[in-house]
Amino acid sequence: MADIPLLPGSPRRLSPRAVVRGGQDPNHGQQYLRVPGSQAPGRDSGLPSDGGSSCSGLVINNYLDASEPVSSEARLSRMHFHDNQRKVDYVLAYHYRKRGVHPGQGSPGHSLAIVSNGETGKEPRARGHGDIELGPLDALEEERKEQREEFEHNLMEAGLELEKDLENKSQGSIFVRIHAPWQVLAREAEFLKIKVPTKKMYEIKSEGSIAKKFNELLQKLSSPLKPRVPEHSSNKMKNLSYPFSREKMYLYNIQDKDTFFDNATRSRIVHEILKRTACSRANNTMGINSLIANNIYEAAYPLHDGEYDSPGDDMNDRKLLYQEWARYGVFYKFQPIDLIRKYFGEKIGLYFAWLGLYTSFLIPSSVIGVIVFLYGCATIEEDIPSKEMCDQQNAFTMCPLCDKSCDYWNLSSACGTAKASHLFDNPATVFFSIFMALWATMFLENWKRLQMRLGYFWDLTGIEEEEEHSRPEYETKVREKMLKTSGKSVVQKLGTNMTENEDEDDEDKLTWKDRFPGYLVNFASILFMIALTFSIVFGVIVYRITTAAALSLNKTTRPNVRVTVTATAVIINLVVILILDEIYGAVATWLTKIEVPKTEQTFEERLILKAFLLKFVNAYSPIFYVAFFKGRFVGRPGSYVYVFDGYRMEECAPGGCLMELCIQLSIIMLGKQLIQNNIFEIGVPKLKKLFRKLKDETEPRETDSAHSKHPEQWDLDYSLEPYTGLTPEYMEMIIQFGFVTLFVASFPLAPVFALLNNVIEVRLDAKKFVTELRRPDAVRTKDIGIWFDILSGIGKFSVISNAFVIAVTSDFIPRLVYQYAYSHNGTLHGFVNHTLSFFNVSQLKEGTQPENSQFDQEVQFCRFKDYREPPWAPNPYEFSKQYWSILSARLAFVIIFQNLVMFLSVLVDWMIPDIPTDISDQIKKEKGLLVDFFLKEEHEKLKLSDEPGQRSLGGGRHSRSRAPSSAPSGRSQPGSIASSGSQHTNV
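This is the structure in structure tokens:
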């Protein structure tokens, strides 16, 4: 062993290129580092070897006394190890506790540092003067500690470098900082086939002259709306990209190995290693997710790029995103999609790109919706049916709305409802429905084009699906199954099978027979939840009926019965929807877990389908009831349908159910957006943060005053909320997309309210990702996955639903049939009288007649809205010919409307290519340029290889002796960069 004195001011964290033991010479009082002679494979300590024997076994941890803590000035960056050189690419956090610590040992004012160097061999360390004697740990803590040590050893075996602090308090949190050196990054980048830019750049083909000028004009006009961030995809030049290969290092322009891979890519590489590293002590558990699930670690996350609100001019990507994207003050600006993708990865970048396109597409639909609404306002005085209903001289005497307590009433008293209905029930809404169906198709087509464009600029074309690792729950189920079916030891069995997934058989994977109980529970539970939703809707219907009957008994409340019942019922529906949404989200997660999907992607897709089905039924079932069922099963005077004894089924308002559908849709849509999407998203994270803060303050802990003044980045990120995925973000937008498209015929202003919500939603989500969540792992993906299929399904279903809303719920078809089949002058004069049937009041059932009628005149016949034969006809009260003609017209309209809109949608789909022409041309061009670039670089490489041989023939012995040093070799010392005329970089 060689003793090397630690000089004053030397770095307090050692390079893991040598095994180091801290000790103290009692004679000199000076700290020494003990360096063994054997070196780690592929590493060079720069020190002479003494020929010491290499050790094998567990990890060596090197303890350094920190009696003189590193000052904040000495720390150049809180993103690096304490040597200020190696970048922290990932952090593992865990909580520890001890039963007892000897008093007076260790100073709580600062921590001791541990550097794990990846060497093998662990010997009992002789305690020095400043050592801490650990108290006895309970069995569980001891087991977890051993599992962590083994896992960290395996990480170092994979080439990673670790740093963490000593457990010198009675309890606390420890952060394991992970750094991936260049050799590991290069190896994993090749394994993952990560595309990186080559030295070759080419010019992106510009459009034609007219399109080019138009694009330049748009660029100038929109320049105030652009965020002030470095541009990427809008540049005219682009690097050729090629999957990273250590054998083709000469292709890449590697100027600095520390910055060649950006932070997101580095953390992604480390996360891949963490996911596939096994731990035999934890029943051969595979990956960090399993260890977190078993509470061995608490969290694993990459670091943010510093603080977003730090004072000063120092800028990082997180601070730039906050200033130009995650503030409400920049709501009018475009999103910096390229920077979002660079910082958070492609999956989150695609979400915000989709959300931005959806929001921008809501602008034209909002404008058209406002025009349709204004058209209804402008023509309200010209609407003949409204005039006839409001005309006092017509004096249509209507039948009582309830038994006994309700009196006869004049239709003119519903004048306000009739005029309000015209705002949404007019011919313009039909064309708006057709427009919105085509709008949904164009949105999806444009999204496919934008997705391809982003895929080209983000180098996502041709990427392969990454191999996914099994979920911890799946491994546990397999282990239990093997324990039951095999006499072998579980650990032995898993040791032979779990590491060789290619050779799995029925014994070490779950079959449909194993999952059948889970499928059965899923099917029964989903049916129960849907039945529960329907029963709640029926309960609200009963509430409306009974409340209406109760309010009708009182003369003071009788005039406002309909308004009161409708408003309170909608609010009840809204509250129930909000509560059931949260319940159904938790139920969907539980149901997916008992299915035990193998991979995270399968788990996510099944969870999305279940949650969407339950939330779709929950959100839209009250609206479907009002749109298609309310007022259809009422019966007629003298033969009403009763829910319970004495309670009649509710009817639509005199102006039809469309106005009530509009009220229901608007209140539920606005309520969900305001309460669930905004108040919950803003309030709940703040409450969680406050709760954690109060919990930390109440817990007894040994504080570090210097540390609390200057917390490390991993401490700051640990206090943030963990990232849980994009499913909630997508789900609320998909449900909103349904509100905008499914019933737009009844509420043309839906796109306007969706637009206003989304302007806030974009910045709200941005602020949440930048300031309130831990940094997510960067995930590469080519598309938005199953969400596109759901959007496409909603778009197609919206055509059918709007066709039925127009044909069944509105009066569009009855007016059309009357105008062209029954009107004497081709106008709508007499339409109201045509829709009302006669009833002889003497035929009312005993006990249902109005008591103490205060009506002005004696009533012989009352009117009700239906198409039935009059009392004097041969078949009184049977459906009339007009009823059957209108019904056939309604069915014909549904068929024609559906086929016409579907045809137009297919036509739009066909006319708009999925891949933009310029992008497909660039992809073809890039392939050709890549081949030419390869051939050129290979030719230059061969040319350079031949030069030393030619010089050796003419230069004699001295020339020959120097030839090997000038020839570029396939291998060099780690970290070295060999330059030549073509700037080749060799490893």
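Basically the numbering used here = 1-based index in the sequence shown + 121.
Ideal Cβ positions, reconstructed from N, Cα and C, are used throughout, including at glycine.
Since we're looking at a predicted model, the values are computed, not measured.
So what's residue i in DSSP terms, helix, strand or just coil?
i     : result
A279  : coil
V209  : coil
L372  : helix
S431  : coil
A399  : strand
R757  : strand
Q1043 : helix
P190  : With a pLDDT of only 46 at P190, under the threshold of 50, the placement of this residue in the model should not be trusted, and no figure is reported.
R1083 : Annotation note: pLDDT 38 at R1083 (below 50); position unreliable, coordinate value reported separately. It is helical.
I584  : coil
I325  : coil
S294  : strand
E844  : Here residue 844 is Tyr; the residue named in the question, Glu, does not match the sequence. In the structure shown, Y844 sits in coil (DSSP, three-state: anything other than H, G, I, E or B).
N739  : helix
K810  : helix
L949  : coil
N531  : strand
L870  : coil
What residue range is occupied by the uninterrupted alpha helix (DSSP H) comprising residue i?
i     : result
E566  : P548 to F578
Q1003 : K1002 to M1032
S787  : L779 to G792
Q834  : Q834 to Y839
C520  : Where C520 is concerned, there is no enclosing alpha helix (DSSP H), given that its DSSP letter is neither H nor E.
N694  : V682 to E716
C527  : Looking at the DSSP string, C527 is not in any alpha helix (DSSP H), and its letter there is neither H nor E.
W475  : E467 to A499
Can you name the residues that DSSP bridges to residue i?
i    : result
F959 : R984
P364 : K316
N878 : According to DSSP, N878 bridges with nothing at all.
M407 : A399
W299 : Before going on, a small fix: residue 299 reads as Ile here, not Trp. Partner(s): Y211 and L283.
K359 : Y323
Express the C-alpha separation of residue j and residue i in angstroms, rounding to a whole number.
i     : j     : result
S542  : C536  : 10 Å
N437  : G427  : 7 Å
I299  : A307  : 16 Å
Y768  : V762  : 9 Å
G944  : F1000 : Per the sequence shown, residue 944 should be read as Ser rather than Gly. Answer to the nearest angstrom: the Cα atoms are 20 Å apart.
E1061 : N799  : 60 Å
L424  : L811  : 22 Å
L701  : I331  : 54 Å
C778  : K359  : 58 Å
I295  : H216  : 6 Å
V642  : I715  : 8 Å
E802  : R439  : 21 Å
V708  : V697  : 16 Å
E772  : E337  : 59 Å
T538  : M780  : 8 Å
L409  : H831  : Here residue 409 turns out to be Ile, not Leu, going by the sequence shown. Using only the alpha carbons, I get a separation of about 29 Å.
P432  : R199  : 15 Å
V920  : K986  : 28 Å
L957  : M770  : 19 Å
L728  : A447  : 29 Å
L912  : S922  : 15 Å
Considering just the uninterrupted stretch of the beta strand (DSSP E) at residue i, what are its terminal residues?
i    : result
A421 : A420 to Y422
Q978 : Where Q978 is concerned, there is no enclosing beta strand (DSSP E), given that its DSSP letter is neither H nor E.
R600 : That residue, R600, is in no beta strand (DSSP E); its alpha helix (DSSP H) goes P593 to T606.
F765 : Y763 to F765
Q970 : Where Q970 is concerned, there is no enclosing beta strand (DSSP E), given that its DSSP letter is neither H nor E.
Regarding residue i and the ligand NAP, is the C-beta to nearest heavy atom distance less than 7 Å?
i    : result
S554 : The ligand content of the structure shown is nil, which means the ligand NAP is not present either.
Report, in whole angstroms, the separation of the C-beta atoms of residue i and residue j, which I expect to be a contact under 8 Å.
i    : j     : result
F578 : I489  : Not confirmed; about 32 Å, so no contact.
Q794 : N878  : 4 Å
P869 : T562  : P869 to T562, Cβ: 19 Å. No contact.
K971 : K525  : Correcting the residue type first, residue 971 is Pro in the shown sequence and not Lys. Yes, P971 and K525 are in contact; Cβ-Cβ is about 7 Å, under 8 Å.
V938 : S1006 : 6 Å
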